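Note that this note's numbering numbers the sequence shown so that position 232 is 217, with each residue one more than the last.
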Amino acid sequence: MTSQAVRTSLPLSVTEVTSTDSASGSQDHSEGNPTFLLLHGYGGSSYTWHAWAPRLARFGRVISVDLMGFGDAPKPADGTYTPAEQARLVKELVGEMDLDRITLIGHSMGGGIALLSTLMLIDQGALPVDRLVLVAAAAMRQPLPPFVVMARYPRLSQMMLRVVGAQRIIGVALKQIVHDPDCITREQIETYARPLQERGGARAALAMGKEILPDDIDRIAGRYPEITIPTLLLWGEHDRVIPLWVARRLEEVMPNAELTVLEACGHIPPEELPDKSWKAVEHFLARYP
-14 MTSQAVRTSL PLSVTEVTST DSASGSQDHS EGNPTFLLLH GYGGSSYTWH AWAPRLARFG
46 RVISVDLMGF GDAPKPADGT YTPAEQARLV KELVGEMDLD RITLIGHSMG GGIALLSTLM
106 LIDQGALPVD RLVLVAAAAM RQPLPPFVVM ARYPRLSQMM LRVVGAQRII GVALKQIVHD
166 PDCITREQIE TYARPLQERG GARAALAMGK EILPDDIDRI AGRYPEITIP TLLLWGEHDR
226 VIPLWVARRL EEVMPNAELT VLEACGHIPP EELPDKSWKA VEHFLARYP
C-alpha cells in the first residue's frame, strides 16, 4: 500500500491510498468508479484502515481522512471539536475535492460523523453518497465508556497522561475494547499514542471527547429514516463500546440497512478480524455495485 497526501484548505489530513498488489491490476479512477471516503473513530486515525484500504483500492479511489485534532491533522487551539463541526468539514471536503459516487465508511465516532455528513449533504441537495458502511457507529444516545467519560475531567486526564504516559494509557484502552486483548500489537499502541504526545493532541482529543455525544442526538437519530441508500452495519458481537442494540435499532429505522455481526470480535473489526470483516464489506460492495 502506498499513500499520497492530498492538499486541502481544511483542518484535516487527507491521503489517497493506492494498492501495490500487482494482482489487483491497474486502478481506474475515471468517471463512474466509486470513491471510498474513510473516517476513523475517537482517538483513531487513518491507521484504522490499514488492512482494508489497499483492498478497497482495487475497486476505486480511496481517500482516508484524519479528522481535525486526530492523527496527522491540525489541532487548532481554537477549533470547534464537535461531531457537527467534524461532519461539516467532511461535507466541505466532498465539495472541495468534487467527490461523487462516494461510499462513506465510518468507524465508531466516525460512523456517527458519516451519518451526520450524509444528512447535511441531503439538506444541500443532490446526494453524492451512494453507499454507507457503518462500523460500530456511535449513532444513538447511550452510556459512554470510561475512557470517553474521562474527557469531562481534562485536568485529571492531562495529569494521568503526564504521570502514566500516553502509550500505557492507550495500551490499556485498546485491550479493554477488543474481544481478544492479545491481538493488540506494539505498533497499534505506538501509532495511536503518538498524536497524544504532540503539541495540542491531548487537548484536542479531550475537547472532542467532552462533546462526542451531541445534545441533539435524539433529533439527529430521528432523521436516520431519511437515509435510504444501501447501508452495511458491521458490528462485533462483543462490542462493549457501542453495544449491539445500537446496530439493531439502526437496522430497524434505516430503510435499506443490513446488519452483519462478527463473532469473537469487539469494537474494532477492521483491526481485530481484518480478513473476516473485509469479506463482509466485499460482499456488500458486490451486492450494490
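Note that CB positions come from ideal geometry on N, CA and C, so glycine has one too.
Keep in mind that this is a model prediction, so the values were computed, not measured.
With 16 other Cβ atoms within 10 Å as the buried cut-off, status of residue i
i, result
"A265", "buried"
"P255", "buried"
"L270", "buried"
"R46", "buried"
"L235", "buried"
"P128", "exposed"
"E211", "exposed"
"V50", "buried"
"A58", "buried"
"P274", "exposed"
"V149", "exposed"
"M144", "exposed"
"G17", "exposed"
"T170", "exposed"
"G110", "exposed"
"L106", "buried"
"T33", "buried"
"L141", "exposed"
"D167", "exposed"
"D224", "buried"
"S7", "Note that S7 scores a pLDDT of 41, beneath 50, so its modelled location is shaky; the value from the coordinates is reported in the next line. Label assigned to S7: exposed."
Cβ distance (whole Å) where residue i is taken to contact residue j below 8 angstroms
i, j, result
"L(-3)", "L52", "7 angstroms"
"A38", "L23", "7 angstroms"
"G56", "P259", "So it is not a contact: roughly 19 angstroms between Cβ atoms."
"V120", "H92", "4 angstroms"
"C250", "E243", "Incorrect: roughly 17 angstroms between the Cβ atoms, too far for contact."
"M125", "V231", "5 angstroms"
"I155", "A178", "4 angstroms"
"G185", "K60", "4 angstroms"
"W330", "A(-10)", "Past the edges of the chain, shown from -14 to 274, lies residue 330, and the structure says nothing about it."
Bridge partners - residue i, DSSP secondary structure assignment
i, result
"S(-2)", "D51"
"T213", "Beta-bridge pairing links T213 to no other residue."
"E243", "L217"
"T88", "F21 and R116"
"Q127", "Answer is none; Q127 lacks a bridge partner."
"Q(-11)", "E1"
"R46", "T20"
Beta-carbon proximity of residue i to residue j, cut-off 8 angstroms
i, j, result
"G221", "H252", "yes"
"A151", "Q182", "yes"
"T20", "I87", "yes"
"G26", "A189", "no"
"G97", "A69", "no"
"L(-5)", "E81", "yes"
"T0", "L78", "no"
"P130", "V226", "yes"
"L146", "A187", "yes"
Beta carbon proximity, residue i to chain B, threshold 8 angstroms
i, result
"L22", "Looking for chain B here will not work: only one protein chain is present."
Residue i Cβ short of 7 angstroms to the ligand MN heavy atom set
i, result
"P180", "Within the structure as shown, the ligand MN is missing, as the structure has no ligands at all."
- Query: Do the segment 113 to 121 and the segment 209 to 218 make contact, defined as three or more Cβ pairs closer than 8 angstroms?
  - Reply: yes
- Spell out a yes or no on whether the segment 96 to 109 and the segment 60 to 80 are touching, meaning 3 or more CB-CB pairs, one atom from each, closer than 8 angstroms. The segment 96 to 109, when compared against the segment 60 to 80, does touch it at the 8 angstroms Cβ threshold.
- Query: Counting pairs of Cβ atoms below 8 angstroms between the segment 133 to 144 and the segment 191 to 204, do you hit three or more?
  - Reply: yes
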